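In the order they appear, the protein sequences are chains C and Y.
By the UniProt record's numbering, the letter at position 40 of the first sequence is numbered 40, and the numbering carries on one by one without gaps.
By the UniProt record's numbering, the letter at position 100 of the second sequence is numbered 100, and the numbering carries on one by one without gaps.
Have a look at the structure below before the remarks.
Number of protein chains: 2
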Amino acid sequence: MTGLKISEVAEKSNVNIETVRYYEKRQLIPEPPRTRAGYRIFSLEDVDRIKFIKRSQELGFTLNEIKQLISISDDKTQVNSEEVLQYSVQKIDEIEAQIKDLEKIKKTLQDLTVQCSGSRSSDGRCPIITSLTGGDSHE
Amino acid sequence: MTGLKISEVAEKSNVNIETVRYYEKRQLIPEPPRTRAGYRIFSLEDVDRIKFIKRSQELGFTLNEIKQLISISDDKTQVNSEEVLQYSVQKIDEIEAQIKDLEKIKKTLQDLTVQCSGSRSSDGRCPIITSLTGGDSHE
DNA sequence: CTTGACTTTGTACCTAAGTACAGGGAGGAT
DNA sequence: ATCCTCCCTGTACTTAGGTACAAAGTCAAG
């Protein structure tokens, strides 16, 4: 009686129906049992798992990483905590690297726009363009 | 005599040969003239343009945006500077938003790992997993 | 003249995370 | 019995920026 149809599970977990089927195919959720007619029957645990997937994605994990995360957390040995921790620390490092790259890009772009605003009255050529075009400055 | 073959232009601008053809198809570089046999003939300006594209990509511009940038800079009216400036300012905003998102993700992940390291001796369940799985905390 | 390195075109494949659609079956209300 | 809505499968398409490959033509050296 607690069985949910695909549209129900999709709605409860705020994803598209196709996404549910896609997660099943990617083996991120277990293969659900079926009615005699072939309809999938989901449980509230499936809803929780999909929400877990979505929250993990927001934290920057890919579906493959999430699959790993799930298998670690399903495996209830005492060591699992260690592995997940390592995963997360690594992910934090990756995010930090991304932030650094973006900061650098931002700085470059800001420098260029400052130059551009400053020298506008001279010849009409934007320093952003000329700096990108000509001067083989960084290689 | 200054004509460059595709492999030469690719090497000089540090991209794959296929990438050069791809940029031509995407109209990021002008259609080069051909020899009677159909071989493309490039110039040093093409090398500069490809380098421009690559540098712009590093600054976070997409190929479509770069195409715009090129058409603005080719159009030598006095207003071009203004447009490029606006483009860049907008891009800076986008980058800032991205950085903010990443900072937030990083903070969440850090909080979780701190909790995880702290409470490791209790029951072996990692707080990262349990916090993602159960507690419908944010929605 | 043959070999090897290069070029041409067109098409298909790649990652990531889905979305869309076609063609068919099922369930329940009228 | 019919209608509407839902579900099934399988396949193709999407974005972005390329990469890879096959079959064929070209060029220069030996």
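Every residue, glycine too, gets a C-beta built ideally from N, C-alpha and C.
Remember, predicted model here, so these are calculated numbers, not experimental data.
query                                                                                                                   : result
Contacts that G60 of chain Y makes with chain C (C-beta to C-beta distance below 7 Å)                                   : I105
Cα-Cα separation between N14 of chain Y and Q68 of chain C, rounded to whole angstroms                                  : 37 Å
CB contact check: T108 of chain Y to chain C, cutoff 9 Å                                                                : yes
CB of I50 of chain C within 9 Å of CB of K106 of chain Y, strictly                                                      : no
Limits of the unbroken alpha helix (DSSP H) element including E31 of chain C                                            : That residue, E31 of chain C, is in no alpha helix (DSSP H); it is neither H nor E in DSSP.
L4 of chain C - DSSP class collapsed to helix/strand/coil                                                               : strand
is_contact[L102 of chain C, chain Y] using C-beta, thresh 9 Å                                                           : yes
Pairwise C-alpha distance: Q90 of chain Y and N16 of chain C                                                            : 32 Å
Neighbourhood of I66 of chain C by C-beta, 6 Å cutoff - its chain only, sequence neighbours within 5 removed            : I53, S56
9 Å Cβ cutoff, I95 of chain Y in contact with chain C                                                                   : yes
Residue from Y:I29, Y:A37, Y:I6, Y:K100 with nearest C-alpha to E18 of chain Y                                          : Y:I6
Range covered by the alpha helix (DSSP H) that runs through F61 of chain Y                                              : Counting along the chain, F61 of chain Y falls outside any alpha helix (DSSP H), and DSSP gives it neither H nor E.
Distance between G60 of chain Y and V20 of chain Y (C-alpha atoms, nearest Å)                                           : 20 Å
Cutoff 9 Å: S81 of chain Y Cβ touching any chain C Cβ                                                                   : yes
Other residues of its chain near R26 of chain Y: CB distance less than 8 Å, five sequence neighbours each side excluded : L63, K67
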